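A.B. asks: The numbering of the sequence shown is our numbering, which starts it at 1 and goes up by one. For glycine and all other residues, C-beta sits at the position ideal for the given N, C-alpha and C. Keep in mind that this is a model prediction, so the values were computed, not measured. Take this structure, written in structure tokens, and hold onto it; I'll ask about it next.
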Amino acid sequence: MAAPTTRRSQISRTMNIIADEPNLLASIRELYSRRPETRHLESWELQHVLFSLGYTEGLIEEAEIATAIEVARTDWAPDEGAT
Numbered sequence: 001m002a003a004p005t006t007r008r009s010q011i012s013r014t015m016n017i018i019a020d021e022p023n024l025l026a027s028i029r030e031l032y033s034r035r036p037e038t039r040h041l042e043s044w045e046l047q048h049v050l051f052s053l054g055y056t057e058g059l060i061e062e063a064e065i066a067t068a069i070e071v072a073r074t075d076w077a078p079d080e081g082a083t
């Protein structure tokens, strides 16, 4: 017989706090296009903005966002990616 689980443990197992977002680069490019003021934000700031504006289903890892930012910023300033 398995040990009984509490409601809290059931909730924590079903909640997806960290999301896997396959279209992260496209989302950041669209965000930069629609809201140019977000182009200067750091990855930890964009994490909240992307989630709050509905671009992602959950919070994305900051490292993934930072990588996508580097690529997206070369769209707006190609010289930045040439370093």
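(1) Just the Cα atoms here: how many angstroms apart are Arg34 and Ile28?
(2) Taking the alpha-carbon of Trp44 as reference, which of Glu62, Glu30, Asp75, Pro22 has the nearest alpha-carbon?
(3) Which stretch, first to last residue, makes up the alpha helix (DSSP H) that contains Leu24?
(4) From Gly94 to Val49, what does the alpha carbon distance come to, in whole angstroms?
(5) Check Ala68 in the structure and name its three-state DSSP category.
(6) Are the CB atoms of Leu31 and Ile65 within a distance shorter than 8 angstroms?
C.D. replies: So, from the listed chains and residues:
(1) 10 angstroms
(2) Glu62
(3) 24 to 34
(4) Lying before the first or after the last residue shown, residue 94 is absent from the chain, which here runs from 1 to 83.
(5) helix
(6) no
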